[in-house]
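Chemist: In our numbering, the protein residues as written are 1234 to 1484.
Please see the structure below; I have some questions.
Next up, the structure:
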């Protein structure tokens, strides 16, 4: 709170000071993320919205500031998360779409900047997950495929990047779930096999054994088990139909 109060006083002294506006926006973003972690969703959303408004105002005066544009995209993602937790899914989707548009512009402006490509891959994933919650499965599948394609492109440049390997596995797990929900079992199986391959690469590096990686690893094995169970249940169902038909013919 002290950082925010100091930044607010700086801005009050000179309301036209862009740097003071940005300092206040950064303070608000930090407070918003803390509030979100504490479950204070309304307070977090208000902080993120205020931060976003300040950054947009400064960007209107610095249209070529790519770093600030990326910061806006990041704040939009945080605000979208808060809106989703409030149950305002349409607002959240709009924010994710705006975030994606900014990152796609940055990607076009600086195609060799891997940071924008990585953030864009994560944006595709978040948008896809929210589309799933809205029942827009086919659109979500497309968005997740976009994320996988982006991560795959990144890995072609740095094949040993453990963070990207983990995130590719995470995206493929989401894709596998989506395919299975649509009855596309073969596609679901292909995605989870690729996810397990990437998990296997990361699991050999002790330094990569973070809580996030363990979460992805567990989810990959759970999804694989679900697919195995699904295949077994389908086989049993088909066998029951076969036996029933032949028993009926015998009568």
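Beta carbons: idealized from backbone N, C-alpha and C, even for Gly.
1) So which of 1424, 1311, 1261 and 1346 has the shortest CA-CA distance to residue 1299?
2) I'd like the span of the alpha helix (DSSP H) that includes residue 1331, first residue to last.
3) By the 10 Å Cβ neighbour count, where 16 or more other Cβ atoms means buried, how is residue 1343 classified, buried or exposed?
4) Taking the alpha carbon of residue 1413 as the point to measure from, which residue in 1374, 1438 and 1313 has its own alpha carbon closest?
5) Counting only runs that start and end within the region 1351 to 1417, where is the alpha helix (DSSP H) found for 4 or more residues in a row?
6) Tell me, to the nearest whole angstrom, how far the beta carbon of residue 1336 is from that of residue 1367; I am working on the premise that it is less than 8 angstroms.
7) Measuring CB to CB, does residue 1456 end up less than 8 angstroms from residue 1409?
8) Runs of 4 residues minimum, wholly inside the region 1245 to 1269: which ones carry the alpha helix (DSSP H) assignment?
9) Identify whether residue 1300 lies in helix, strand or coil by the three-state DSSP scheme.
10) For residue 1427, tell me which candidate among 1439, 1407 and 1441 has the shortest Cα-Cα distance.
11) Keeping to the same chain, check which residues put their C-beta closer than 7 angstroms to that of residue 1383; ignore five residues upstream and five downstream.
12) Using the C-alpha atoms, what's the distance from residue 1316 back to residue 1500?
13) My assumption, with CB atoms under 8 angstroms, is that residue 1422 sits in contact with residue 1387. Please give the rounded CB distance.
14) Thinking just about the alpha-carbon of each residue, which of 1320, 1318, 1268 and 1312 is nearest to the one in residue 1332?
15) For the alpha helix (DSSP H) holding residue 1282, just list the boundary residues, first then last.
16) Can you say whether residue 1448 is buried or exposed, counting buried as having 16 or more other CB atoms within 10 angstroms of its CB?
17) So that I know if they touch, is there some Cβ in chain B lying closer than 8 angstroms to that of residue 1331?
Modeler: Here's the rundown:
1) Answer by Cα proximity: 1346.
2) 1322 to 1342
3) exposed
4) Restricting attention to 1374, 1438 and 1313, the CA atom closest to the CA of residue 1413 is found in 1374.
5) 1370 to 1390 and 1395 to 1414
6) Actually they do not touch by this definition, with Cβ atoms about 21 angstroms apart.
7) yes
8) none
9) Reduced to three states, the DSSP call for residue 1300 is helix.
10) Out of 1439, 1407 and 1441, 1407 has the C-alpha closest to the C-alpha of residue 1427.
11) 1350, 1353, 1354 and 1357
12) There is simply no residue 1500 to check, as the chain begins at 1234 and stops at 1484 in what is shown.
13) Actually they are not in contact, since the Cβ atoms of residue 1422 and residue 1387 sit about 25 angstroms apart, beyond 8 angstroms.
14) 1312
15) 1274 to 1292
16) exposed
17) Absent here is chain B; the protein component of the structure consists of one chain.
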